[in-house]
Amino acid sequence: MTDSIRFLMCPPDHYDVDYVINPWMEGNIHKSSFDRAREQWQSLYHLIKENAIVDLVTPAKGWPDMVFTANAGLVLDKTVVLSRFYHKERQGEEPYFKIWFESQGFTVHELPKDLPFEGAGDALFDREGRYLWAGYGFRSELDSHPLIAEWLDIEVLSLRLMDERFYHLDTCFCPLTGGYLMYYPPAFDSYSNRLIELRVPPEKRIIVEEPDAVNFACNTVNINQMVIMNKASDNLKARLQEAGFTVLETPLTEFLKAGGAAKCLTLRVTEPIIIDRHAVINIESRTVLMEGHLLDAGLINRALDLVVEGGGSFQVLNFNLGEQRQSTSKAEIKISAPSHEVMEEIISQLIDIGVVSLDEDQRDARLQPVEQDGVGPDDFYVSTIYPTEVRVDGQWLTVQNQRMDGAIAISETPNGLVAQCKILRDLKLGERVVVDVVGLRTIRKTESREPRNGPQEFSFMSAGVSSERRVELIVEQVAWELRQIRDRGGKVVVTAGPVVIHTGGAQHLSHLIRQGYVQALLGGNAIAVHDMEQSIMGTSLGVDMKQGVAVKGGHRHHLKVINSVRRCGSIAAAVEQGVVKSGIMYECVKNNIPFSLAGSIRDDGPLPDTQMDLIKAQEHYAELLRGADMILMLSSMLHSIGVGNMTPSGVKMVCVDINPAVVTKLSDRGSVESIGVVTDVGLFLSLLVNQLDKLTSKYGVVQVG
Ligand code: ARG
């Protein structure tokens, strides 16, 4: 029985660490002992020979890693898929292995050039013969898996390797007799771990801890109930014995220096023939199209990175490079992913950068009905800030009310089909919602091939946080934009926190409102309270705004103010009755600038105007934000994030905060129109007012509000 099991090995005559192509080789060049390597190899050879037949391939000079015959190819029955090495350092081994396989009468399949696959090092049969586990991510390309499935006529399950120490599947994964699996889970991404758990029941999983994993415990030769490895901890040995295995240790430290051990040094050439097998390919492929300044704007890099980081692989089928500075390029890219789920994730990110799905051009979006008010179908497409179109009944509909984190609802109206971005709670029974990622595209302006010149444009051209030195330049830029927007009757929305008052910014913001630069104000209870506290009592949270010192008993001031305004019934009434005579809220009332104050759990009072029903507050915010050209976010993380979520791309956002983390968080939405300024907000506002006063409009001032 055992006699029929055969392995291929290669004597270590020319073995050495000559180069570095994996982390184990680093620092080990020419550090392995020839004699010890020979001894260790011999011991392994004899151990295996006692239990199986060992064939030898003649080592070739100049190819030191040829000892690792696991990488010769992948054998099933009389068929072999020859390895295509990823690194040129090993590509020279290919012809030697090919000759050996042919001499033994195997049918040899060769992968296309540039489609790497490193044989049994990256592909392991389930020892019950049910399927093939295939690794990708470092040495083998995902796109090789469908070919292997076809040639070997077997189901292939793709696993993505994430830890470069475990660059080959056989360094961290070892199927064993009886359906057992010994493996090191952190070497894989979460999708792969889920797949493993789906196929291998918990009682059959033998989890290896890191200390064993780095001793190459998973790099085990399994012959029936026997496992041969470099070294195992007592725990792991006990676990293997419990599962009915005899553990044989044989030191292979000299080979560890090259990143290999027992299993790497062998190739099983008699895999059990599985009678009732057939090819199953779980990999999905799609062809997408990209157009624009693909190189200059870095779009192609971004797209390809997204694919690889998302666990997929790509093949550029066509690339038409624009020849002139202004001409755009066009690329057709085939994308593969190990499952539909992973593909959806990748494609939805690609849609955001303007990629269109070629196949899907002809396809309608997939819709599923809302079955309960306020709840979407499981697989609903999550909207982004980018203008989106959806294909329904062969026609592209522009999605209305674009915002991020919503669902796209399709409803029939007397005027025909309407697509709308809706937050989940607003979904209504009878509407249909877009699921999956087919039949969707985003409309992106062709991104500029380079930042436009001139001070007017530069800062909005790249999402970025300014350094201290750039604050003044940005102020100039913002002032210019504010002036333009006001002069053409546009809309600027300010969202502000109480820090605006504490830092002395109230007078400047009041000035902006008075001058017609602000068309709506969003905030919480606090900004209004402290603004009116300053107006009525001269303090902000009890601090005298002129002297900058805390006033005795001042912490009670804001409660007195809240009380007075509550007596009046509203902020507007307090202004009309002369209780509030200046400040931001005063200017809003006097200039008919609508404001919305959203409440929170920590609010004192609240003021009569503060909306404590958050759903209503969100709706009011959204209403005031509609049609905004620019949003100034002044030192309020909470309200600004809320606002950011409701805002489509194309709206300029300026986020000012003293805390760089807040600024980064707010301006980091992948939108080129947002800029962050790390500075004191009071200072920013005073610079801004100064700058605006310096600018004289040649168009004449249009009265707004
Ligand atoms: N130095 C070799 C390489 O990096 C080691 C190969 C180990 N083989 C294996 N099946 N894991 O390619």
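Counted from 1, the sequence shown has number 381 at position 123 by our numbering; the numbering is strictly sequential. Virtual Cβ for every residue (Gly too), placed ideally from N, Cα, C.
- C-alpha of Leu564 to C-alpha of Thr937: approximately 33 Å in a straight line.
- Cβ atoms of Arg824 and Pro866 come within 8 Å of each other, at about 6 Å.
- A distance below 6 Å between beta-carbons, with the five flanking residues on each side excluded, links Asp276 to the following residues of its chain, in chain order: Pro322.
- Per DSSP, Leu400 lies in no alpha helix (DSSP H) segment and is marked neither H nor E.
- Boundaries around Tyr394 are those of the beta strand (DSSP E), 390–394, since no alpha helix (DSSP H) includes it.
- For Glu352, the secondary structure class from DSSP, reduced to helix, strand or coil, is helix.
- Gln777 counts as buried, since no fewer than 16 other beta carbons sit within 10 angstroms of its beta carbon.
- Exposure of Ser448 is indicated by the presence of fewer than 16 other C-beta atoms within 10 angstroms of its C-beta.
- Around the C-beta of Ala555, 16 or more other C-beta atoms lie within 10 Å, and the residue is accordingly described as buried.
- When the five nearest sequence neighbours on each side are left out, the beta carbons in the same chain lying within less than 8 Å of the beta carbon of Gln742 are those of Gly748, in order along the chain.
- CA-to-CA, the gap between His769 and Ser450 works out to about 58 Å.
- Separation of Asn821 and Val693 (C-alpha to C-alpha, rounded to the nearest whole angstrom) is 51 Å.
- Taking the C-beta atoms as reference points, Trp282 is found nearer than 9 Å to Ala516.
- CA-to-CA, the gap between Ile539 and Val750 works out to about 54 Å.
- Secondary structure of Gly674 (DSSP, three-state): strand.
- Taking 9 Å as the cut-off, the Cβ atoms of His288 and Asp271 do not count as close.
- In this structure, the ligand ARG has no non-hydrogen atom nearer than 8 Å to the beta-carbon of Gly285.
- Per DSSP, Ser828 lies in no alpha helix (DSSP H) and is assigned neither H nor E.
- Per DSSP, Cys476 lies in no beta strand (DSSP E) segment and is marked neither H nor E.
- Relative to the non-hydrogen atoms of the ligand ARG, the Cβ of Arg526 never comes closer than 8 Å to any of them.
- Residue burial annotation: Pro627 is exposed, with fewer than 16 other C-beta atoms found within 10 angstroms of its C-beta.
- In the displayed model, Pro469 falls within a helix according to three-state DSSP.
- If the five residues before and after Ala830 are omitted, its C-beta is found closer than 7 Å to the C-beta atoms of Val847, all from its own chain and listed in chain order.
- Comparing alpha-carbon positions, the option among Glu599, Lys592, Val600 lying closest to Val614 turns out to be Lys592.
- C-alpha of Ile311 to C-alpha of Leu579: approximately 56 Å in a straight line.
- Comparing alpha-carbon positions, the option among Leu616, Met870, Leu553 lying closest to Ser585 turns out to be Leu553.
- Here Leu924 carries a helix assignment [DSSP, helix/strand/coil].
- A direct Cα-to-Cα measurement between Leu953 and Lys874 gives close to 39 Å.
- Pairing Thr656 with Ala623 gives a Cβ-Cβ distance that is not under 9 Å.
- In the displayed model, Ser262 falls within a helix according to three-state DSSP.
- Contact check for Val485 and Thr524: beta-carbon distance about 13 Å, past the 8 Å limit, so the pair fails to qualify.
- Set against 8 Å, the gap from the CB of Tyr425 to the closest heavy atom of the ligand ARG is smaller.
- Taking 9 Å as the cut-off, the Cβ atoms of Met911 and Ser894 do not count as close.
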